[in-house]
Amino acid sequence: MRKWGPLFAVSLAAFMLLIDITIVIVALPDMASDLGSSYTDLQWVMDAYALALAAVLLGAGALADRVGRKRVFIQGTVLFTAASALCAFAPNTATLVAARALQGLGGAAMFATTLALLGLAYEGRDRGIAFGVWGAVSGAAAAVGPVLGGVLTEHIGWEAIFFINLPIGLLAIAMAARLISESYGDREARIDVPGMVAFTAGAGLLTYGLIRAGGHGWGDGLAVGVLVGAAVALAAFVVVERRTAKPMLDLGLFRRASFVGIMAGGLFTQFAAFSGFPQVSVWLQSVLGYGPVKSGLVLLPMAATAFVVAGAGGPVMARIPPRYPIGGGIVCVGVGALLLTMVDAGSDWPVLVPGLVVIGVGIGLSMPPMSAAAYASVPPEKSGVAGGALNTFRQLGFALGIAVVGVVFRAAVENSIDGTPAAGRDAH
């Protein structure tokens, strides 16, 4: 147990934070009914989490390298678990959105440190196994979320999707405290506060701008203004990092084609794989008349495929150049996303299965080697930054996907929610 204990603790926490990206999807109609939420409110229940997560990931990784990765991981898990309780007890939409943002902050501290903790805990073949298991759990978590969320919402209530985090979080905290060794980067280096502030502002504004554009269109004045502000903040970040002796992020990494490819791959896979999930869930429930559990089960093929491919292929992929499984995985995710566009007015749930399976293969192929390659791309003392950078690009991909898909489907989704209810098709 001691050998694989760090992997279990990290994977447990990763499962909890990643499942919360999608577990709320099938609960959105029940939340709207209980809290009197509008469609925009429902979007923010999801988007507040993604916004906070993307904004502070890189900074959390840099801070972890300085003050201790185990420390930041545990503190993030504590915050995430406490925020989950706040979500469950939220009396109104505003409180729920604020608590979801706190979840995102805690999740960023957890997510930014996972790759570093695993990379330092294991070597050689064991590291390949660890990244494979972590990739399997991570890939499956986002797709399992709708299933678990459906079961809990239908049989207990939407509050249960947050209560379930309490025992998981407490177990992860206890295991991490006992089984994970503390590690540091350069403890003497000063924390790059100007760079951290500039990037947090830039990433936060960029994520919010994309979300705003998804809900109101690319011509919306506020969306344009926020995106301009994001560009200014990120430009300031580049200037600060170039003038700092020990920057938070070595911009020279972006002159390496391999590093740029890893970041771009993380962004694209998240964009293509998960951005349409909210619309698919609303289609299943509002148009086909399915309940939360059945809607979640329809999405299960993606989770099962990702888990099997990543878990079985981790040790094998560790022995071949990462560009092959990463490239193949990205192609699969893109093809799967195209297959999901085959839905039309007369479609039923089986039309989703081919696309979901192919996306699952792509996630399973790409996530473990992508994570391992990101870890290997920087010196060990900067491993927290590597994890933060990759996961920042992943979350920005998710936000960009929300924006693009939201612009395309916003009117149709609002009509299906506000219009005449579907005449349920539960016979399917």
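Following the numbering used here, the numbering of the sequence shown begins with 1048 at its first residue and continues without gaps. Ideal Cβ positions, reconstructed from N, Cα and C, are used throughout, including at glycine.
Item	Value
Here's a check: name, in chain order, each residue in its chain whose Cβ is nearer than 8 Å to the Cβ of residue 1366, leaving out the five neighbours to either side.	1175
Count the other CB atoms, across all protein chains shown, that sit within 10 Å of the CB of residue 1085; report buried if there are 16 or more and exposed otherwise.	exposed
So residue 1170 is in the alpha helix (DSSP H); what residue range does that whole segment cover?	Element bounds for residue 1170: n/a, residue is neither H nor E.
Going by C-alpha to C-alpha distance, which of 1239, 1277 and 1331 sits closest to residue 1292?	1239
Kindly list the residues whose CB is nearer than 8 Å to the CB of residue 1164, restricted to its own chain and excluding five residues on each side of it in sequence; keep chain order.	1053, 1057, 1116, 1117, 1120, 1227 and 1230
Could you work out which residue in 1136, 1332, 1355 and 1266 is closest to residue 1201 when comparing CA atoms only?	1332
Any idea what DSSP makes of residue 1426, helix, strand or coil?	coil
What's the gap between the Cα of residue 1450 and the Cα of residue 1172?	40 Å
Using 10 angstroms around the beta-carbon of residue 1141, count the other beta-carbons present and answer buried if the total reaches 16, otherwise exposed.	exposed
In chain order, which alpha helix (DSSP H) runs of at least 4 residues are fully inside the segment 1241–1311?	1268–1290
Keeping to the same chain, check which residues put their C-beta closer than 8 Å to that of residue 1463; ignore five residues upstream and five downstream.	Because the pLDDT at residue 1463 is just 49, under 50, the model does not fix this residue reliably, and the value given afterwards should be weighed accordingly. Result list for residue 1463: 1329, 1330, 1333, 1334 and 1469, in chain order.
For residue 1316, which three-state DSSP category applies?	helix
Could you give the distance in angstroms between the alpha-carbon of residue 1298 and the alpha-carbon of residue 1288?	7 Å
Are the CB atoms of residue 1160 and residue 1411 within a distance shorter than 8 Å?	no
For residue 1389, which residues in the same chain have their Cβ closer than 7 Å to its Cβ, ignoring the five residues on either side in sequence?	1398
Assuming residue 1377 and residue 1418 form a contact by the criterion Cβ under 8 Å, report the distance between their Cβ atoms to the nearest whole angstrom.	Not confirmed; about 14 Å, so no contact.
On the three-pair Cβ rule with 8 Å, is the segment 1343–1359 touching the segment 1186–1197?	yes
Drop a sphere of 10 angstroms on the beta-carbon of residue 1394, count the other beta-carbons inside from all chains shown, and report buried for 16 or more, exposed for fewer.	exposed
In terms of residues, what are the limits of the alpha helix (DSSP H) holding residue 1122?	1116–1135
Would you call the segment 1304–1320 and the segment 1434–1441 in contact, with 3 or more CB pairs under 8 Å?	yes
Once DSSP output is grouped into helix, strand and coil, what is the label at residue 1335?	coil
Quick check on residue 1441: does DSSP put it in helix, strand or coil?	helix
So residue 1166 and residue 1357 are supposed to be a Cβ contact under 8 Å. How far apart are they, rounded?	About 17 Å separates the two Cβ atoms, so there is no contact after all.
Which word fits residue 1061, buried or exposed, when buried means at least 16 other C-beta atoms lie within 10 angstroms of its C-beta?	buried
Note the first and the last residue of the continuous alpha helix (DSSP H) segment covering residue 1372.	1370–1387
Keeping to the same chain, check which residues put their C-beta closer than 6 Å to that of residue 1427; ignore five residues upstream and five downstream.	none
Quick one: using the 10 Å Cβ neighbour count with 16 as the cut-off for buried, is residue 1391 buried or exposed?	exposed
Does residue 1065 come out as helix, strand or coil in the three-state DSSP assignment?	helix
Could you name the residues of the same chain whose beta carbon sits closer than 6 Å to that of residue 1109, not counting the 5 residues immediately before and after it, in chain order?	1295 and 1432
With DSSP collapsed to three states, give me the class of residue 1341.	helix
Should residue 1359 go down as buried or exposed, given a rule of 16 or more other Cβ atoms within 10 Å for buried?	exposed
Assuming residue 1196 contacts residue 1071 under a Cβ cut-off of 8 Å, what Cβ separation, rounded to an integer in Å, is found between them?	6 Å
Considering only C-alpha positions, which residue in the set 1320, 1300 and 1158 is nearest to residue 1423?	1300
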